[in-house]
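In this note's numbering, the protein residues as written are 9 to 215.
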């Protein structure tokens, strides 16, 4: 059984839209916000390679291994980044949330935890996943801390796992959230959203 693209996922701060070539200009503006592709420990598309990156993700979607999204702020309507379901195991089922990047100005705005909340809710409550993985570079301490704040637990480190374009051999830190942990993780994320919004946060209903 294949896991189908869920389509648009909408929250109070952010909307996740199915990735499309029409998003290219907005994604270029977003990646130029802070020039985050210059960080050596991240794999973020450069402005001139954005079209190629969009097509790469859409090709993986056609092959059934990735379901990509464009991330848009609700208050301004601006595109702020990309995220995906990837490494899809439809039999277990189990997925990874990854290949995520966000514009520098959006960081700390509450949009990233709400994005994760929308994706996790779909993975656990719709697909009935047994676990959701999140991975990052060993040297990306900001990302590691952000994943831990979600409530994910570190499973281990895959040493000498990848060779990114930077030319070094990457160690990958693997985190996961398993199904029994999801209710607690959800409450924690909803509390974080309360702090951003100043009011009780209730995730929008499915569908």
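Idealized CB from N, CA, C, for every residue including glycine.
Secondary structure of residue 47, DSSP reduced to three states: coil
Rounded Cβ spacing between residue 159 and residue 189 (contact assumed at less than 8 angstroms): 7 angstroms
Nearest candidate by alpha-carbon position, reference residue 118, set 198, 179, 91, 178: 198
Selected residue, minimal CA-CA separation from residue 155, among 168, 141, 72: 141
Helix, strand or coil at residue 217 according to DSSP, with G and I counted as helix: Since the first and last residues shown for the chain are 9 and 215, residue 217 lies out of range.
Selected residue, minimal CA-CA separation from residue 12, among 131, 18, 32, 38: 131
Residue closest to residue 182, alpha-carbon to alpha-carbon, out of 35, 147, 206: 147
Span separating the alpha-carbon of residue 209 from that of residue 46: 35 angstroms
Beta strand (DSSP E) runs wholly inside the region 40-84, at least 3 long, in chain order: 74-81
Backbone CA spacing between residue 107 and residue 207 [nearest angstrom]: 31 angstroms
Simplified DSSP state of residue 179, which is helix, strand or coil: strand
Residue span of the beta strand (DSSP E) that contains residue 89, given as start and end: 87-97
Host beta strand (DSSP E) of residue 148 (start-end): It is not in any beta strand (DSSP E) - residue 148 carries neither H nor E in the DSSP assignment.
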